[in-house]
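Trainee: The letter at position 29 of the sequence shown is residue 28 when you use numbering that gives the first Met the number 0, and the numbering goes up by one with no holes.
Quick reminder that beta carbons are idealized off the backbone N, C-alpha and C, glycines included.
These numbers were taken from a predicted model, which means no experiment stands behind them.
Quick one: the structure is below, and I'll ask about it shortly.
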Amino acid sequence: MRRAVGRATYEAAPNIALIKYWGDRDAELVLPNNSSLSVTLDRMRTRTTVSFEPGLPQDTLQLNGRRASGQPLEDVVELLDVIRARAGIRDRAAVRSSNNFPTASGLASSASGFAALAGAGARAAGLALSGRALSQLARLGSGSACRSVYGGFVEWRAGRRPDGRDCYARPLYPADHWPELVDRVAIVRDAPVKRVRSALAMQSTVSTSPQYPGRLAELPRRAARMRRAIGARDAETLFELVIEECDSFRLVCETTDPPLDYLTGTSRRLLDGVRAANASAGRPIAAYTHDAGAHVHIFTTRGDLARLRRALDRVPGVERWLTLSPGGGGRLVRAAPYGAGPGAP
Ligand code: PMV
Numbered sequence: 000m001r002r003a004v005g006r007a008t009y010e011a012a013p014n015i016a017l018i019k020y021w022g023d024r025d026a027e028l029v030l031p032n033n034s035s036l037s038v039t040l041d042r043m044r045t046r047t048t049v050s051f052e053p054g055l056p057q058d059t060l061q062l063n064g065r066r067a068s069g070q071p072l073e074d075v076v077e078l079l080d081v082i083r084a085r086a087g088i089r090d091r092a093a094v095r096s097s098n099n100f101p102t103a104s105g106l107a108s109s110a111s112g113f114a115a116l117a118g119a120g121a122r123a124a125g126l127a128l129s130g131r132a133l134s135q136l137a138r139l140g141s142g143s144a145c146r147s148v149y150g151g152f153v154e155w156r157a158g159r160r161p162d163g164r165d166c167y168a169r170p171l172y173p174a175d176h177w178p179e180l181v182d183r184v185a186i187v188r189d190a191p192v193k194r195v196r197s198a199l200a201m202q203s204t205v206s207t208s209p210q211y212p213g214r215l216a217e218l219p220r221r222a223a224r225m226r227r228a229i230g231a232r233d234a235e236t237l238f239e240l241v242i243e244e245c246d247s248f249r250l251v252c253e254t255t256d257p258p259l260d261y262l263t264g265t266s267r268r269l270l271d272g273v274r275a276a277n278a279s280a281g282r283p284i285a286a287y288t289h290d291a292g293a294h295v296h297i298f299t300t301r302g303d304l305a306r307l308r309r310a311l312d313r314v315p316g317v318e319r320w321l322t323l324s325p326g327g328g329g330r331l332v333r334a335a336p337y338g339a340g341p342g343a344p
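Set out below in structure tokens:
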């Protein structure tokens, strides 16, 4: 057995999917049925330090300064076990993770968390992984995390191989590709705190929604058109496609048995508000999208931001608005061998 090299700190940001990952061809290896596409966001970061320590009896997890146990700890241990097996080490780890945004807000998608854990854990265990290999490792923690390894516009290729070797994220365009594009995020006040884990919810959609096969069939064309619209910075086409995709995602959720309803009254008022703003402008000035939660991301351009704000800022039930842009990918903050003195992470 080789000894663990020590500690590393890695930072990653959440991403919002424009084409959603929803359904696996292999749930164990987290191999999806369809390729997905996302934007990594700026300003919000998860920073995670993994420290492999000889003699530590078990893995520990601190989330935002508090000792965590139960499911969050089990999920972390599972990914650490993969890392240990690959690195040929046995040491247990102390993991400290914090978000610079409210964790309970529902914006703390598992994406930034598992991308940061994979980045810190791999480096602390002495593994030198390529971006592709790191995305594949993060994917095992939470599918969408594989996209947070990269900044800007990112594609997660579903691949076909049963072993998942052709399933990974890759960067399409960097964060500064389209400076005009903004994501106004509405944090809604009535969002429930507890919800079914996405990994289980999507399995239920795959096995019960009569709309799911139709969605899968239409996705390759939508994704190809979306990639072209992003490449050409064609906001109107992108906004139409983002709405179409979000509606398709919501349809398969609502036709799942039992139905999955992630939206609240406030979320629905926001979706209606975007539709009304586009109708009154006579062109798509914005697009809404949401994940398996109630907060709503609204994409628009800087040129139409004031108009969008006039249309939506008074929608009741919004606790807070954030204005975000595409942001950078995951990055190593520090690394040090075990036992390094003060100043080490
Ligand atoms: O990565 P997970 O297992 O949390 O699933 C993410 C599911 C969605 O956020 C709804 C879609 C996506 O592609 O991010």
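#1: I want to check one thing, is the minimum distance from the CB of tyrosine 20 to the heavy atoms of ligand 1 below 6 Å?
#2: Is the stretch 42–57 touching the stretch 151–165, taking contact as three or more C-beta pairs under 8 Å?
#3: Compare the C-alpha of aspartate 303 against each of Gly54, Gly281, Glu243, Val295 and name the closest.
#4: Return the first residue and the last residue of the alpha helix (DSSP H) that tyrosine 9 is part of.
#5: Assuming aspartate 58 contacts leucine 79 (C-beta within less than 8 Å), just tell me the rounded distance between them.
#6: Buried or exposed: which applies to glutamine 135, given that a residue is buried once 16 or more other Cβ atoms fall within 10 Å of its Cβ?
#7: Which residue wins for smallest C-alpha separation from alanine 26, given the options Leu139, Thr322, Arg131, Gly130?
#8: Between which two residues does the beta strand (DSSP E) harbouring proline 219 extend?
#9: Could you say which of Pro325, Leu262, Ala117, Glu243 lies nearest to leucine 171 if we only look at CA atoms?
#10: Since glutamine 61 and arginine 95 should fall inside the 8 Å C-beta cutoff, what is the C-beta to C-beta distance between them, to a whole number of angstroms?
#11: For leucine 116, count neighbouring Cβ atoms within 10 angstroms of its own Cβ and tell me buried if that reaches 16, exposed if not.
#12: On the CB-based measure, 16 or more other CB atoms within 10 Å of its CB, does glycine 342 come out buried or exposed?
#13: Need the endpoints of the alpha helix (DSSP H) that glutamate 73 sits in, please.
#14: Check whether the Cβ atoms of glycine 118 and tyrosine 20 sit closer than 7 Å, and answer yes or no.
#15: Can you give, in chain order, each stretch of the beta strand (DSSP E) that sits fully within the stretch 270–334 and has at least 3 residues?
#16: Spatial neighbours of serine 208 within its chain, please: C-beta separation below 6 Å, excluding the five flanking residues on both sides.
#17: Just to confirm before moving on: does the CB-CB distance between serine 111 and alanine 11 stay below 7 Å?
#18: When burial is assigned at 16 or more other CB atoms within 10 Å of the CB, is proline 283 buried or exposed?
#19: Pick helix, strand or coil for serine 129, following the three-state DSSP scheme.
#20: Leaving out five residues before and five after asparagine 99 in sequence, what residues of the same chain have Cβ atoms less than 6 Å from its Cβ?
#21: Using the rule of at least 16 other Cβ atoms within 10 Å of the residue's Cβ for burial, across every protein chain shown, is glycine 142 buried or exposed?
#22: Taking Cβ positions, are alanine 285 and leucine 307 nearer each other than 7 Å?
#23: Give me the DSSP bridge partner(s) of glutamate 52.
#24: Once DSSP output is grouped into helix, strand and coil, what is the label at glutamine 202?
#25: Measure the alpha-carbon distance for arginine 249 versus aspartate 162 and round it to whole angstroms.
#26: Buried or exposed for valine 192, please, with buried defined as at least 16 other CB atoms from any protein chain shown within 10 angstroms of its CB.
#27: Could you tell me whether the stretch 124–131 touches the stretch 69–77, using the rule of 3 or more Cβ pairs below 8 Å?
Mentor: Reading from the atomic positions:
#1: Residue side-chain check: tyrosine 20 places its Cβ nearer than 6 Å to a non-hydrogen atom of ligand 1.
#2: Not touching, per the Cβ criterion.
#3: Comparing Cα positions, the closest option is Gly281.
#4: From DSSP, tyrosine 9 is part of no alpha helix (DSSP H) but of the beta strand (DSSP E) over 5–11.
#5: Contact holds; Cβ gap of about 6 Å.
#6: In summary, glutamine 135 is buried, with 16 or more beta-carbon neighbours lying within 10 Å of its beta-carbon over all protein chains present.
#7: The residue with the shortest Cα to Cα distance from alanine 26 is Leu139.
#8: Segment 211–230 is the alpha helix (DSSP H) holding proline 219; no beta strand (DSSP E) there.
#9: Distances from the alpha-carbon of leucine 171 to those of Pro325, Leu262, Ala117, Glu243 put Pro325 closest.
#10: Cβ-Cβ separation between glutamine 61 and arginine 95: approximately 5 Å, consistent with a contact (criterion under 8 Å).
#11: Buried: at least 16 other Cβ atoms inside 10 Å.
#12: Caution applies to glycine 342, whose pLDDT of 47 falls short of 50 and renders its modelled position unreliable; the value that the coordinates give is listed next. Counting C-beta atoms within 10 angstroms of its own C-beta, glycine 342 has fewer than 16 neighbours from the protein chains shown and is therefore classed as exposed.
#13: That run of the alpha helix (DSSP H) goes 69–86.
#14: No; because the gap between Cβ atoms is not below 7 Å, this pair is not in contact.
#15: Entirely contained in the stretch 270–334, the beta strand (DSSP E) runs reaching 3 residues are, in chain order, 285–288, 295–300, 317–323.
#16: Take serine 208, set aside five residues on each side of it, and the residues of its chain with a beta-carbon closer than 6 Å to its own are Val251, Thr254, Thr255, in chain order.
#17: Yes, Cβ-Cβ distance for serine 111 and alanine 11 is below 7 Å.
#18: Residue burial annotation: proline 283 is buried, with at least 16 other C-beta atoms found within 10 angstroms of its C-beta.
#19: Residue state for serine 129 is assigned as coil, using DSSP reduced to three classes.
#20: Correct list, in chain order: Arg44.
#21: When all chains shown are included, glycine 142 counts as buried.
#22: Yes; because the gap between Cβ atoms is below 7 Å, this pair is in contact.
#23: In the DSSP output, where bridge partners are listed per residue, glutamate 52 has Arg91.
#24: DSSP, reduced to helix, strand and coil, places glutamine 202 within a helical segment of the structure shown.
#25: Approximately 30 Å, taken between the alpha carbons.
#26: With fewer than 16 other beta carbons inside 10 angstroms of its own, valine 192 counts as exposed.
#27: Cβ pair count under 8 Å is below three, so no.
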